[in-house]
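Asker:
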Amino acid sequence: MKQVERVEQLKEVFQTKIYEFCKVCCRLTSYQIDITTENQYLTSLYAEHQGNCLIFKATSPSASKMKLLETELSRTVGELIELRLQHQDSIAAFLSWLTLELFSLQTMA
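Here the sequence shown is numbered in UniProt numbering, starting from 1 and rising by one per residue.
Written out as structure tokens, the structure is:
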């Protein structure tokens, strides 16, 4: 097998695995994660519309620290941001609570 063919085959395998990984993450967390060169976008499966997303920006080269940027959705949950992100420093707790809130709003409607 030629080197070029092998590289193309590996690219296809990686693309498939990345797609599967993203789907599994979405099912487990209820957030679709889209990563760009500068930001990471999270869209909840329970958001009212696709534009209702959160944008986190890495503030360190290793992405060990993240900052939530202002979006339409983040403007509606100021108290939660203050408690979970600023006071408790927990993105996981913030996303968990937000997921439950969005889910309950959808099931009540």
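Glycine is no exception: its CB is placed at the ideal position from the N, C-alpha and C atoms.
#1: Considering only the alpha carbon of each residue, which of I55, H87, A47 and E82 lies closest to T107?
#2: Give me the Cα-Cα distance between R75 and S96, rounded to the nearest whole angstrom.
#3: Shortest alpha-carbon distance to L100 belongs to which of S30, E20, V7 and F14?
#4: May I ask you to list the residues that DSSP assigns as paired with D34?
#5: Would you kindly check if the distance between the Cβ of Y41 and the Cβ of I18 is under 7 Å?
#6: Report yes if the CB atom of Q32 is closer than 7 Å to the CB atom of T16, and no otherwise.
#7: Looking at the strands, I want to know which residues DSSP matches up with A58.
#8: Assign F14 to buried or exposed, taking buried as 16 or more other Cβ atoms, counted over all protein chains shown, within 10 Å of its Cβ.
#9: What is the residue span of the alpha helix (DSSP H) that L10 lies within?
Answerer: According to the structure shown:
#1: Here residue 107 corresponds to residue number 107 of the sequence shown, with the count starting at 1. T107 has its Cα closest to that of A47, out of I55, H87, A47 and E82.
#2: In the sequence shown, counting from the first residue as 1, residue 75 sits at position 75. In the sequence shown, counting from the first residue as 1, residue 96 sits at position 96. Rounded to whole angstroms, R75 to S96 spans 17 Å at the Cα level.
#3: In the sequence shown, residue 100 corresponds to position 100, counting from 1. Checked all of S30, E20, V7 and F14; the closest Cα to L100 is S30.
#4: The count along the sequence shown starts at 1 and reaches residue 34 at position 34. Beta-bridge pairing links D34 to Y41.
#5: Against the sequence shown, residue 18 aligns to sequence position 18. Against the sequence shown, residue 41 aligns to sequence position 41. Contact flag unset, no.
#6: Position 32 of the sequence shown, counting from 1, holds the residue named residue 32. Position 16 of the sequence shown, counting from 1, holds the residue named residue 16. No, the Cβ-Cβ distance between Q32 and T16 is not below 7 Å.
#7: Start at 1 with the first residue of the sequence shown, and residue 58 comes out as number 58. A58 is bridged to M66.
#8: Translated into positions along the sequence shown, residue 14 becomes position 14. With a threshold of 16 other beta carbon atoms within 10 Å, F14 falls short and is exposed.
#9: As a first step, residue 10 must be located in the sequence shown, where it is residue number 10. That run of the alpha helix (DSSP H) goes Q3 to T29.
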